[in-house]
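Residue numbers (the numbering used here): 8 to 59. Accompanying notes for the structure given below.
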């Protein structure tokens with residue numbers, strides 16, 4: 008489930024994605040992607056749509 012947190016300044020959008028499972032331990036493999044310089048004027052719904 009995505010969570011949108013509104014910050015009244017330029018900030019970043021960080022995504023953390025489960026991309027698979029470790030075959031030896033069964034633990035999830037997580038990778039991250041960060042989008043920097045998100046403008047404070049960006050509409051919350053637009054930021055959510057990018058992350059979704």
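Cβ atoms here follow ideal geometry from the backbone N, Cα and C, with glycine treated the same way. Predicted model, so just to flag it, every value in this text is computed and none were measured.
> Is residue 50 near residue 18, with beta carbons less than 7 Å apart?
Replying inline: Pairing residue 50 with residue 18 gives a Cβ-Cβ distance that is not under 7 Å.
>> Which same chain residues end up closer than 8 Å to residue 34 when comparing Cβ atoms and leaving out the 5 residues on each side of it in sequence?
In response: Cβ within range, chain order: 28.
> According to DSSP, is residue 53 helix, strand or coil?
Replying inline: The answer is helix: DSSP assigns residue 53 an H, G or I state.
>> Please classify residue 37 as buried or exposed, where buried requires at least 16 neighbouring CB atoms within 10 angstroms.
In response: Exposed is the call here.
>> If I measure Cβ to Cβ from residue 40 and keep anything under 6 Å in the same chain, skipping five residues before and after, which residues do I get?
In response: Cβ neighbours of residue 40 beyond the five flanking positions: 22.
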